Structure formats: structure tokens, C-alpha cells
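**Q** In my numbering, the protein residues as written are 41 to 383. In this text, a Cβ means the ideal position worked out from N, Cα and C, and glycines have one as well. Being a predicted model, the structure only gives us computed values, none of them experimental.
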Amino acid sequence: MLQQWVCQSLGISAGSPLLAWSKVSGDASFRRYYRATWQGLGYIAVDAPPQHENSAAFIKVGQILRDAGVNAPEIFASDLHQGFLLLEDFGDKQLLPVLRRLQLEDDTTRAGEIYQTVLQTLLSIQRSPQKKRLGLYSREQLRTEMSLFKEWFCTAFLGLEFSVSEHVVIDQAMNLLEEAALSQPTVMVHRDFHSRNLMLLDDATFPALGVIDFQDAVNGPYSYDVVSLLRDCYLRWEPEIISHWALIYWQAAKEDGLLVDVSDEQFLRDFDLMGLQRHLKVMGIFCRLSLRDKKSQYLADIPLVIQYFLEVSGHYPELGDFVEWFNQRVLPVADQRLPKSAG
């Protein structure tokens with residue numbers, strides 16, 4: 041069906057031998073991707089089941105990003121009823137392998153230059169005057185996301201059961217992280233801004249950057265995307281390097297007028313607590329992907345996510361009871377159940 045629709049969209053005969061067709065690696069969603077090549081031009085065909093995926097949001101957010109000067113793929117054709125899209129082909133060059141190579145070479149100077157370029161793209165997203173067209177990252181959404189930690193990581197994957205007092209400790213920590221997120225200045229938030237969703241668009245040493253997987257964008261906390269990028273679930277840098285790069289973002293955001301009244305101390309607190317919220321959520325999401333969607337490869341990334349949580353949470357005494365509970369009840373079982381991180 042999809043291939044026939046692509047042929048119709050391109051104005052060629054169905055099954056034309058001139059159309060090259062190949063499957064492309066998928067992501068954590070229900071979407072399936074195919075590369076279609078015709079007359080030397082490449083396209084990405086997307087099969088996004090409407091019962092699971094919001095293609096209308098993808099189209100809307102993509103236009104907002106392009107209006108902001110961000111490289112988001114052009115949409116050449118769409119059929120929302122079937123969940124079909126025909127997109128500009130950004131190629132296969134993710135940012136992640138480039139950063140991993142620099143990490144192996146211990147070249148933090150070059151990595152820092154790349155991150156500064158990426159952060160400029162992020163600032164372009166955050167400056168978008170159209171953020172009000174997006175839904176708000178609401179209290180209910182934050183709470184629902186953090187509940188994934190209990191439901192999918194602790195209960196479904198680790199098999200833990202909670203006492204009344206444990207529920208209280210967990211809920212107090214979640215409330216603290218929720219309030220910290222809601223108190224932040226709001227910007228346009230990509231919500232999955234990391235090295236697997238950033239594409240290199242040509243063959244230069246560090247070319248133009250393409251942004252993908254943006255359909256869940258919202259109007260929300262300014263620190264969300266920057267901590268998603270710098271405390272990447274698929275790649276780890278030393279904490280002092282991360283803090284240095286984070287403060288480069290803070291300075292640029294202040295100069296841009298986005299964070300006029302946010303001190304460096306407040307920024308680092310916002311950055312840390314937002315990261316804790318995200319990483320607790322991600323522990324649940326990765327387990328759900330494994331248990332529900334049979335994508336067990338994401339379990340290998342959870343040890344790094346836990347490492348981030350432990351590195352950061354210990355700096356905040358107000359989370360002391362939760363951290364103690366995590367170390368005593370969660371960590372021993374997680375160490376037995378999870379593969380070791382390649383971080």
C-alpha cells in the first residue's frame with residue numbers, strides 16, 4: 041500500500057523498476073521507514089499507523105521548525121487517514137557516531153565545538169515565536185511521565201512491590217521534580233533532542249544539522265532539551281565537561297534574551313532537576329519498549345541512565361530519602377537484571 045501511494049505521489053507507474061525501495065532502520069515508535077529513490081532523488085516514505093502516531097503534529101511542528109530556520113525535513117506528500125508521509129531524505133549520518141569517535145580519541149575540544157554548533161540550533165528552536173501553537177507541558181503530563189518509572193521500571197521489569205511509606209517517599213520526590221520543572225521559563229521543547237535525532241546533512245567535517253523525531257514538541261521548561269542533549273542516554277561525558285558545556289548554553293541563552301533573570305546557580309539546579317525527571321521517565325520508557333514492544337535493545341542503555349541519576353541526585357539533600365530508597369531497594373535488583381552499560 042505505501043509503495044503504491046509513493047508511486048502515485050511521485051506521478052510514476054506503480055511498481056516502476058525505476059523506483060528503488062529499501063527499508064530503513066526504525067526508532068522507538070510504531071513508525072516504519074523506507075528509502076525511495078527515483079531519478080537520482082532520495083525520499084523517505086513513512087508508515088505511521090494513525091492509531092499510534094500523530095502525523096498531523098509532525099507536519100505542524102516541522103513547519104514551525106522550518107519557519108525558525110531549523111533544518112527539518114520537507115514534507116512532499118501526506119495521507120493522514122492512512123498515516124503515510126513522503127519526506128525529504130536526510131541520509132543516515134547521525135551525530136552519535138561522530139561524538140563517539142571523538143570520545144574514543146579523548147578530543148573534548150572538537151566535541152565542544154560541535155556541541156556549541158548544536159546548541160545554536162537548539163536556541164533557534166527555543167526562539168520560535170510560534171511556541172504558543174504547541175500544547176503546554178502540563179503538570180498532568182509530567183506526572184504521567186514520571187509514573188512510568190514506578191509502573192514499567194520498578195514494578196513490571198524489576199518486580200518490586202511498594203509499601204505505603206515507600207509510595208510516600210517516591211511521590212514526594214516526584215512532586216519536587218514536577219514543581220521544579222513547572223517553575224522554569226518556557227520555550228519550544230523538542231522533547232527528544234539528542235545525538236540519535238540529529239543528522240549530518242552533507243560530507244563536510246561538520247556540516248549542516250538536520251533535526252528529526254520532533255512530533256512530540258511542546259511549550260515547556262527551557263532546560264529540558266539542553267539536558268537531553270548533554271546528558272545523552274546513549275553517550276556519556278565527564279560531569280565537569282557537561283557542566284562547562286551547559287554553562288556555554290546558559291550564557292548564549294542570556295545573550296539571546298531567553299534567560300534574562302536566571303543566575304548560573306539557578307540554571308545548574310534547573311538543569312540537574314530536569315535531567316532527573318527525564319531520566320526517571322526514560323528508565324520506564326526503555327523497559328516498556330522491551331516488555332510491551334519487544335525492543336529489548338533499549339535495556340542496554342538503562343545503566344547509563346541510572347549512572348546519571350546517581351551522579352546528580354546525591355547533590356540535592358531534599359531528595360535524600362528517595363536516593364537512599366533507590367540505592368537500597370532498586371539498585372541491587374537492577375544490577376542483577378540489566379546488562380552492563382557500554383557508556
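State the DSSP-derived secondary structure class of SER118, mapped to helix, strand or coil.
**A** strand
**Q** For the beta strand (DSSP E) that LYS63 lies in, which residues bound it at each end?
**A** 60 to 64
**Q** Using beta-carbon positions only, say whether LEU238 and LEU135 come within less than 8 Å of one another.
**A** yes
**Q** In this structure, how does DSSP classify ALA257 when only helix, strand and coil are distinguished?
**A** coil
**Q** Using 8 Å as the threshold, is the C-beta distance between GLY360 and VAL258 below it?
**A** Against a cut-off of 8 Å, the Cβ pair of VAL258 and GLY360 comes out as no contact.
**Q** Rounded to whole angstroms, what is the Cα-Cα separation between GLY383 and LEU275?
**A** In this prediction, GLY383 has a pLDDT of 46, which is less than 50 and means its spatial position is unreliable; what the coordinates show is noted afterwards. The straight-line gap from Cα to Cα measures roughly 6 Å.
**Q** On the CB-based measure, 16 or more other CB atoms within 10 Å of its CB, does LYS380 come out buried or exposed?
**A** exposed
**Q** So, with DSSP's three-state summary, where would you put ASN215?
**A** helix
**Q** Nearest CA to the CA of LEU81: which residue from GLY131, PHE362, GLN376, LYS172?
**A** GLY131
**Q** Assuming LEU105 contacts ALA97 (C-beta within less than 8 Å), just tell me the rounded distance between them.
**A** About 12 Å; that fails the 8 Å criterion.
**Q** Quick one: Cα of HIS319 to Cα of HIS92, how far?
**A** 23 Å
**Q** Rounded to the nearest angstrom, what separates ALA220 and SER95 at their Cα positions?
**A** 31 Å
**Q** Going by DSSP in three states, ALA382 sits in which element: helix, strand or coil?
**A** Any reading at ALA382 is ruled out, since the residue's pLDDT is 46, under 50, leaving its predicted position unreliable.
**Q** Verify whether the separation of the beta carbon atoms of PHE202 and GLY102 is less than 8 Å.
**A** At least 8 Å separates the beta-carbon of PHE202 from that of GLY102.
**Q** Kindly indicate which three-state DSSP category ASP107 falls into: helix, strand or coil?
**A** Judged by DSSP in its simplified three-state form, ASP107 adopts helix.
**Q** Measuring CB to CB, does GLY123 end up less than 8 Å from ASP87?
**A** yes
**Q** Let me confirm a value: ALA248 is counted as buried when at least 16 other C-beta atoms fall within 10 Å, else exposed. Which label applies?
**A** exposed
**Q** Would you identify the three-state DSSP class for PHE124, choosing helix, strand or coil?
**A** Strand.
**Q** Taking the continuous beta strand (DSSP E) assigned at VAL86, which residues delimit it?
**A** 81 to 87
**Q** Return yes when the Cβ of TYR348 is within less than 8 Å of the Cβ of GLY315, no when it is not.
**A** yes
**Q** Rounded to whole angstroms, what's the CA-CA distance from TRP365 to SER268? Just pull it up for me.
**A** A direct Cα-to-Cα measurement between TRP365 and SER268 gives close to 25 Å.
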